[in-house]
Amino acid sequence: MKEIYLDNNATTKVDEAVFEEMRPYFCELYGNPSSMHFFGGQVQGKVTEARKRVADLLGATPDEIIFTACGTESDNAAIRSALEVLPDRRHIITSRVEHPAVLTQCRNLRQKGYRVTEVGVDNVGRLDMEEYKRAIDDDTAIVSFMWANNETGVIFPVEEAAAIAKARGALFHTDAVQAVGKVPINMAASQIDLLALSGHKLHAPKGIGALYLRRGTPFRPLLVGGHQEQSRRAGTENAAAIIALGKACQLAGQHMQTENSTVKAKRDRLQDALMRAIPHARINGDGAERLPNTTSIAFEFVEGEAILLLLSELGICASSGSACTSGSLEPSHVLRAMGVPFTCAHGSIRFSLSRYTTDAEIDAVIQAMPRIIARLREMSPFGREHLKG
Amino acid sequence: MWDYTSKVKDHFLNPRNVGEIPDADAVGEVGSLACGDALKLYLKLDEAKEKIVDAKFQTFGCASAIASSSALTEMLKGKTLDEALAVSNQDIAEFLGGLPEEKMHCSVMGQEALEVAICTYRGLEVPEHDAEHDHGHAYPEYEGTLVCKCFGITDAFLKKVIETNKLTTVEQVTHFTKAGGACGGCIPKIKELIAEVLGQQTAQPQPKTGKLSNLKKMQLVQEVLERDIRPMLLADGGDLELVDIEGDTVQIAFRKACAGCSSSGNTARFVEMKLRELVHDDLRVQEVPA
Chain A
713 MKEIYLDNNA
723 TTKVDEAVFE
733 EMRPYFCELY
743 GNPSSMHFFG
753 GQVQGKVTEA
763 RKRVADLLGA
773 TPDEIIFTAC
783 GTESDNAAIR
793 SALEVLPDRR
803 HIITSRVEHP
813 AVLTQCRNLR
823 QKGYRVTEVG
833 VDNVGRLDME
843 EYKRAIDDDT
853 AIVSFMWANN
863 ETGVIFPVEE
873 AAAIAKARGA
883 LFHTDAVQAV
893 GKVPINMAAS
903 QIDLLALSGH
913 KLHAPKGIGA
923 LYLRRGTPFR
933 PLLVGGHQEQ
943 SRRAGTENAA
953 AIIALGKACQ
963 LAGQHMQTEN
973 STVKAKRDRL
983 QDALMRAIPH
993 ARINGDGAER
1003 LPNTTSIAFE
1013 FVEGEAILLL
1023 LSELGICASS
1033 GSACTSGSLE
1043 PSHVLRAMGV
1053 PFTCAHGSIR
1063 FSLSRYTTDA
1073 EIDAVIQAMP
1083 RIIARLREMS
1093 PFGREHLKG
Chain B
21 MWDYTSKVKD
31 HFLNPRNVGE
41 IPDADAVGEV
51 GSLACGDALK
61 LYLKLDEAKE
71 KIVDAKFQTF
81 GCASAIASSS
91 ALTEMLKGKT
101 LDEALAVSNQ
111 DIAEFLGGLP
121 EEKMHCSVMG
131 QEALEVAICT
141 YRGLEVPEHD
151 AEHDHGHAYP
161 EYEGTLVCKC
171 FGITDAFLKK
181 VIETNKLTTV
191 EQVTHFTKAG
201 GACGGCIPKI
211 KELIAEVLGQ
221 QTAQPQPKTG
231 KLSNLKKMQL
241 VQEVLERDIR
251 PMLLADGGDL
261 ELVDIEGDTV
271 QIAFRKACAG
281 CSSSGNTARF
291 VEMKLRELVH
301 DDLRVQEVPA
């Protein structure tokens, strides 16, 4: 069965050009970039090129890029470092809808005695800027808000939030894992101090990430024990993956227009068609600024895992905010924070597209989805009165 | 992805007996939209009102909830009411070739609906339902005291599930019943219930007198704090940290709601009592500033 892959916020296909770029660095050009000989040196050259490519996508300079193993590592490193370089400040601000890479870290730090404020969102997922402004004070060491939400695609006003943090002397970090490659980013004209990105969300392989660190920002590394990455991240460079990330960033820059025109048009067509065909559905985050590739739709009276498995039977890959897919019992913390009622949160499905998504694939989902929802609603003891009318 | 058996997949993709029985003799309804799963079970009896001749269901829930409902209706046909009452959640899971442990609560839901249906039919009083949550206290035999407020689950029901499924950890109880799966406030109580059912103390008996090496002492103290004390404090929004152990003096610092709490003295006394009971009689607890 050929897959119809609409789960690109979970992970993406490695672009063939990216794979070709990294291929020689396993069996042939396997040298250590730190070595003194020519054999390592030629790898070093490619790593330098990759760093430049990542920096270019972000409007940054190459020395501001630190390669890591993943987005989660970048997030952890950023927050840890901020607390170490500002030891007199004991307050952390984040949002209620962050990825666990940030949220779990902050909650662990709360156990260690830090004051943590989790700023809320409104019913379409927009950050409560007033609450944020009230929360920040001279004790705030770091503010960490995601650039775009992984479940709903809702975009936060991170530049505005960063300016507020700077005025208070706090550092500002953003988890931009879902945003990089999908929305234009220009760190040269930004006040953001730290930014996390992940390779496998933009058609590079899994196991590679990067942390942007503004030049002049004090930093304490998470991993020590080597001079790599200017002693800001010890450990032999994952050269092949770094080279792949560089290529992926270069391609992402070239495809940015596609992302915001073609991909967005497909996303809009998908969600409009589903909303027309299926009663008692709502788009989570409708009305907020959102990523061009993501839509999260809540279907009342049905449960997400059942929808996903019926889609999967047809080769369609999507994701849900349902509790039942993860083994936890509460529906997604993101949808809960938005005040999406339990009755809808359980039946929320996220479709996330990429530049590889075809019109035929969108058509297949538009065809399949109404039947799947109808079939499950037929089985459900709820919603009969609503659905009759 | 869940590792569902082919039987689960079959009963999910081709569910048997979906629908209503308009003139059903017995109907059992458990769960709610808010819970994330719900089941309405319809039973039709023969003329003598002894045997189940037809069973149908309507289910809102995940694949295993739908498969469990389908399996249950298949199992019930041809059984007398007493035979039906003997069907346990494990029987349902077994019929399906097993369920992932995280999904066992789906089989429990099937068994619950069955009992509600039969109790109601037999005229046993069914207590008023909480609008949001029915699991557990939906039927008379398991009235008991409410333990899990989030999912509305009583102690009597939990004890039964712990006993029949031989559960030993809170995690398992959550997987089977959902209790403790949301706010976690009832986790200490669930631990007590497990201990009660297993007929043993919350902790393994430890040597309480005699010589303990420093290393062993630290290890045991830490164990007791993590297992028996911190979960209770966390449930109330408090916490504590082990600062140091000097000889027989255990230094602790209160955190969060416990820090500066006027009754932290009592809490310190309680910690001391627990440590003496479970680790060593000579231990003394000293509170140090946070």
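Chains A and B are the protein sequences, given in the same order.
When we follow the numbering used here, the leftmost residue of the first sequence carries the number 713, and every step to the right adds one.
When we follow the numbering used here, the leftmost residue of the second sequence carries the number 21, and every step to the right adds one.
Cβ atoms here follow ideal geometry from the backbone N, Cα and C, with glycine treated the same way.
Please confirm if the stretch 797-814 of chain A is in contact with the stretch 824-837 of chain A, defined as three or more CB-CB distances below 8 Å between the two stretches. yes
Determine, for HIS939/A, whether the minimum Cβ-Cβ distance to residues of chain B falls below 8 Å. no
Chain A residues whose Cβ lies nearer than 7 Å to that of GLN78/B: MET1091, SER1092, PRO1093
By Cβ distance, which residues of its chain are closer than 6 Å to ILE990/A, with the 5 residues on each side in sequence left out? PRO1082, ILE1085
Within chain A, the residues that LEU33/B reaches when beta carbons sit closer than 9 Å: LEU1021, LEU1022, GLU1025
Chain-order list of residues whose beta-carbon lies under 6 Å from that of MET124/B (same chain, five-residue window excluded): HIS195, PHE196
Please list, in chain order, all residues of the same chain as ARG1067/A whose beta carbon is under 7 Å from its beta carbon, the five residues on each side excluded. HIS967, THR970, GLU971, VAL975
If contacts are defined as beta-carbon pairs under 8 Å, then GLN817/A and ILE791/A qualify, I think. What distance do you get, rounded to the angstrom? 6 Å
Could you tell me the alpha carbon to alpha carbon distance between ARG296/B and CYS278/B, rounded to whole angstroms? 21 Å
First through last residue of the beta strand (DSSP E) which encompasses ILE778/A: 777-780
DSSP beta-bridge partners of VAL855/A: ILE805/A, PHE884/A
For the stretch 47-132 of chain B, list the alpha helix (DSSP H) runs that are entirely contained and at least 4 residues long, ordered along the chain. 83-96, 101-105, 109-115
Does the count of Cβ pairs from the stretch 129-140 of chain B and the stretch 46-54 of chain B closer than 8 Å reach three? yes
Can you grab the Cα-Cα spacing for the pair LEU1026/A / MET987/A, in whole Å? 20 Å
Could you give the DSSP three-state label for ILE41/B: helix, strand or coil? coil
Counted within 10 angstroms of its Cβ, other Cβ atoms place HIS749/A as buried (16 or more) or exposed: exposed
Beta-carbon neighbours of VAL38/B, restricted to chain A and to distances below 7 Å: MET1091
By a C-beta neighbour count over all protein chains shown, 10 Å radius and 16 as the cutoff for buried, is LYS186/B buried or exposed? exposed
Cutoff 8 Å: LEU53/B Cβ touching any chain A Cβ: yes
Name, going along the chain, the residues of the stretch 65-93 of chain B whose beta-carbon falls closer than 7 Å to a beta-carbon of chain A. GLN78, THR79, PHE80, GLY81, CYS82, ALA83, ILE86
Apart from the five residues on each side of it in sequence, which residues of its chain come closer than 7 Å, Cβ to Cβ, to ASP998/A? VAL836
So what's ARG926/A in DSSP terms, helix, strand or just coil? coil
So the candidates are LYS725/A, TYR717/A, MET713/A, ALA951/A; which of them puts its Cα closest to the Cα of LYS913/A? LYS725/A
How do the stretch 1011-1024 of chain A and the stretch 863-882 of chain A stand: do at least 3 beta-carbon pairs fall below 8 Å, yes or no? no
Any beta carbon from chain A within less than 8 Å of ASP30/B's own beta carbon? no
So PHE1054/A contacts chain B; which residues on that side make the cut at Cβ distance below 7 Å? LEU53, ALA54
Are the C-beta atoms of ARG247/B and some chain A residue less than 8 Å apart? no
Run down chain A in chain order and give the residues with a C-beta less than 8 Å from the C-beta of LYS169/B. Per Cβ cutoff of 8 Å: no residues; LYS169/B is ~14 Å from chain A at best.
Is the number of C-beta pairs between the stretch 71-87 of chain B and the stretch 168-180 of chain B that are closer than 8 Å three or more? no
Check the C-beta distance from VAL107/B over to LEU134/B and give it rounded, since I have them as a contact under 8 Å. 6 Å
Between GLN823/A and chain B, is there a C-beta pair that is closer than 8 Å? yes
Do THR1055/A and ALA54/B have their C-beta atoms closer together than 8 Å? yes
Closer than 8 Å is the cut-off here; do at least three beta carbon pairs connect the stretch 30-44 of chain B with the stretch 88-108 of chain B? yes
Buried or exposed, going by whether 16 or more other CB atoms sit within 10 Å of the CB of THR287/B? buried
Between which two residues does the beta strand (DSSP E) carrying PHE1011/A extend? 1006-1011
So with CB distances below 9 Å, who are the chain B contacts of HIS992/A? Those within 9 Å of HIS992/A in chain B number zero; the least Cβ separation is about 12 Å.
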